[in-house]
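Enquirer:
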Amino acid sequence: MPKFLLKRWHGYPVIALFVTSVVLVSIITYFQWMIGMAGFVLLGGLFYYAMRAEASFQEELGDYISTLSHRLKKVGEEALMEMPIGIILYDEDFKIEWANPYMGALIEEESFIGHSLNHVSEELIPYLKSDAKEEVIKINTHKFQVNFKKEDRLLYFFDVTEQLDLERLYDEEQTVMAIIYLDNYDEVTQGLDDQFRSTINSKVTSVLNAWANEHGIFLKRTSSERFLAVFNQRILYELEKNKFSVLDEVRESTAKQNVSLTLSIGVAAGTSSLPELGQLSQSSLDLALGRGGDQVAIKQTNGKVRFYGGKTNPVEKRTRVRARVISHALSELVADSDKVMIMGHKNPDMDSIGSAIGILKVAQVNGKDGYVVLDQSDIDIGVQRLMDEIKETESVWKFFITPEEALEIASRDTLLVVVDTHKPSMVIEEKLLTKLDHVVVIDHHRRGEEFIKDPVLVYMEPYASSTAELVTELLEYQPKRLKMRMLEATALLAGIIVDTKSFTLRTGSRTFDAASYLRAHGADTILVQKFLKEDLNTYTRRSKLIESAEVYKKGIVIAKSTPEDAYNQVVIAQAADILLSMNGIQASFVISNRIDGKVSISARSLGDINVQMIMERLEGGGHLTNAACQIENSTIDEAERHLKQIIDEYIEGGEEE
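Residue 1 is where the sequence shown starts when you use full-length UniProt numbering, and the numbers rise one by one after that.
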């Protein structure tokens, strides 16, 4: 029994009270002995009564505690044996030493003492060998949360079947919103008569309505080229399972009418807020269109994005209206700034440098100072030849500055134009993005999940062969007093030639129009060939890389360097281009160590395989036919294994991010 209960009556206050009473009675006795004697008799009676009361309290308390202990023990035994919680004790060899009756009823056996834990579930032992403290396992038709008490070799099983079913039901019933957009409806139907346009409209609407009815989707047409779809998470799982086959159905059904119509779908999920779903769905659609269309982008509130489709190349736009509008908007932004900074991506190529020089010309023709930000320690041999030529032309070279100089002279009214990339992590000096409020993005790559925050103007056209082509068209709509130097026109033409592999890949009619414009302004094709020349050592090293190529699957070839060799990005890309030109090859992948210590993969395709989606799974990006990635803290063999796994998933239909 606790001491505070035993000593409750003779603690210091009670003792002090009795002592005080004795002293007072003694004093009274000194003066009136008869009254004092009566007081002592009274005190003695009170003391005797207190002792009897204490003895009775202790006896009753003991009986109560004894009864309570018995009841608690009985409750514990009943809980252990009868409550719907499974309990198992096991030994060092993971064999069952004891289990309560609930576990016996659970696995429908009276006695399984001495059996391995695998007899209950084969998942238990691996979990016990790991660092897990609790896991959910399935036994027969029920799901249990198992709590591991490893120090006591004890397992508790809690039935969470109903809870998980409710969670699944809640998840499946969450609202999903999608905006469906006909990518090139205006372009395709522009020259059609009303009857044929009506036929195409009816065909597309019929396909989409059949798709919606099949899956239980609410579908509403909001304009000639736009639909709104509302469904739930369970239906979204079904659509993802068949990889949004409606994309192929619309493309194939309109192709039979000799019309090439494609869909882009922006899907929003993961929140119960309808306004937020609306914003997310529009953002997803913008992302899908920025990547070239003919695909689905699914965005959730946690920022994760999944992509499906993207099997066709972006269709070249016939009209230049957007180029004219963007050119005029850029002129106004330049006019409102004090100066213009132009910045490309790290390890810049001909397209990055050429388009930067083109924007520099836009700044100058609008009466503003422009500066190209360049890190000269991070350029390859081909670009170095171009830079050597630029250094000899002082009127151009004086406008090239280092990232440090750019940060020093930039002000709040400075306009920053980012060319040939839209990813903050890829630009030459990321600090400029945070320092300057006015940023323009001009790029020809398919839009990725990572994007420069809040740009004032975006000109992204995935159909374009190069950023140099886009910039050339912008120059055409600048003031008529524009006069280009031979070197400026040549740099832009070099960017187009390099990105199109001498007009053999991703080349449209507007590509030749841009090249013709540059040629008319003095572009020197002989000088371009001088920039593109290579030395014998580079040719030999590239040949060694190509020699390692092996066919992984039909039409897919993979080459990799030895762990001891390191190549620059240009050589790796060239090797992938050459492999793609071989007979029977649909896609090529080249893996190599880079000089900076990263493992690089360059991917090329003829169009049947979307190498962009494969590279995005490795945190890279690019185009449908031309993509790459750089992997840190990895070996060539590890990168190869990961790449093959992603290729397998892609071939099986797992094109998601």
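C-beta: ideal position from N, C-alpha, C; glycine also.
1) Below 8 Å between beta carbons: does that hold for L416 and H444?
2) Give the range of the beta strand (DSSP E) segment to which A628 is assigned.
3) Evaluate I35 with the Cβ neighbour count: other Cβ atoms within 10 Å of its Cβ, from every protein chain shown; 16 or more gives buried, anything less gives exposed.
4) If we count Cβ pairs, one from each stretch, closer than 8 Å, do we get three or more for the stretch 240-255 versus the stretch 263-278?
5) How is H444 classed by DSSP in three states: helix, strand or coil?
6) Indicate the three-state DSSP secondary structure (helix, strand or coil) for residue 716 in the structure shown.
7) With 16 other CB atoms within 10 Å as the buried threshold, where does K391 fall?
8) How far does the beta strand (DSSP E) with F157 in it reach, from first residue to last?
9) Go ahead and label E616 buried or exposed: buried means 16 or more other beta carbons lie within 10 angstroms of its beta carbon, across all protein chains shown.
10) Helix, strand or coil: which one does DSSP assign to D338?
11) To the nearest angstrom, report how far apart K133 and T562 are at their CA atoms.
12) Residue 658: buried (16+ other C-beta within 10 angstroms of its C-beta) or exposed?
13) Count the other CB atoms, across all protein chains shown, that sit within 10 Å of the CB of E638; report buried if there are 16 or more and exposed otherwise.
14) Out of L106, I609, L482 and E640, point me to the one whose CA is closest to S600's CA.
15) In this structure, how does DSSP classify F451 when only helix, strand and coil are distinguished?
16) State the start and end residues of the unbroken beta strand (DSSP E) segment that holds I139.
17) When DSSP labels each residue in this structure, what does G654 get in the three-state scheme?
18) Compute the beta-carbon to beta-carbon distance between L89 and W98, rounded to the nearest angstrom, for a pair I have assumed lies under 8 Å.
19) In the DSSP assignment, what are the bridge partners of N593?
20) Is I556 closer than 8 Å to Q586 when the C-beta atoms are compared?
21) If S465 sits next to I496, beta carbons under 8 Å apart, how far is it from one beta carbon to the other, in whole angstroms?
22) Pick helix, strand or coil for V305, following the three-state DSSP scheme.
23) If you draw a straight line from the alpha carbon of I646 to that of L287, how long is it in whole angstroms?
24) Would you identify the three-state DSSP class for M51, choosing helix, strand or coil?
25) Would you tell me roughly how many angstroms separate the C-alpha atoms of E59 and Y49, rounded to the nearest one?
26) CA-CA distance, R322 and E252?
27) Whole angstroms is fine: what's the gap from E657's alpha carbon to L164's?
28) For the alpha helix (DSSP H) holding K129, just list the boundary residues, first then last.
29) Of the choices G62, T175, W397 and Y567, whose alpha-carbon is the least far from that of P275?
Expert: With the structure as the only source:
1) Contact: no.
2) For A628, the enclosing beta strand (DSSP E) has its first and last residue at N626 to I631.
3) When all chains shown are included, I35 counts as exposed.
4) As far as the Cβ criterion goes, the stretch 240-255 touches the stretch 263-278, which means the pair count is three or higher.
5) Correct three-state label for H444: coil.
6) A question about residue 716 goes unanswered here, because the residues of the chain that appear run from 1 up to 657.
7) With fewer than 16 other Cβ atoms within 10 Å, it is exposed.
8) Annotation for F157: the continuous beta strand (DSSP E) segment containing it runs L154 to D159.
9) Under this definition E616 is a buried residue.
10) It is coil, neither helix nor strand.
11) About 43 Å.
12) Residue 658 is absent from the model: the chain starts at 1 and stops at 657.
13) Under this definition E638 is an exposed residue.
14) Across the set L106, I609, L482 and E640, the C-alpha of E640 shows the shortest separation from the C-alpha of S600.
15) Residue state, collapsed to three classes: coil.
16) Note, I139: beta strand (DSSP E), E134 to I139.
17) Because G654 sits at a pLDDT of 42, beneath the cut-off of 50, its placement in the model cannot be relied upon, and the following sentence gives the value as read from the coordinates. G654 falls in the coil class under three-state DSSP.
18) By a beta-carbon distance limit of 8 Å, L89 contacts W98. Their separation comes to about 4 Å.
19) N593 pairs with A566 and V599.
20) For Q586 and I556, yes; Cβs fall inside 8 Å.
21) S465 to I496, Cβ: 6 Å. Contact.
22) In the structure shown, the three-state DSSP call for V305 is strand.
23) So the alpha carbons of these two residues sit roughly 22 Å apart.
24) Of the three classes helix, strand and coil, the one that applies to M51 here is helix, per DSSP.
25) If you draw a straight line from the Cα of E59 to the Cα of Y49, it comes to about 15 Å.
26) If you draw a straight line from the Cα of R322 to the Cα of E252, it comes to about 29 Å.
27) The pLDDT assigned to E657 is 38, lower than 50, so where the model puts this residue is not dependable; a value taken from the coordinates is nonetheless given after this. Looking at the two C-alpha atoms, the distance is approximately 27 Å.
28) Counting along the chain, the alpha helix (DSSP H) containing K129 begins and ends at L124 to K129.
29) Checking every option, the nearest Cα to that of P275 belongs to T175.
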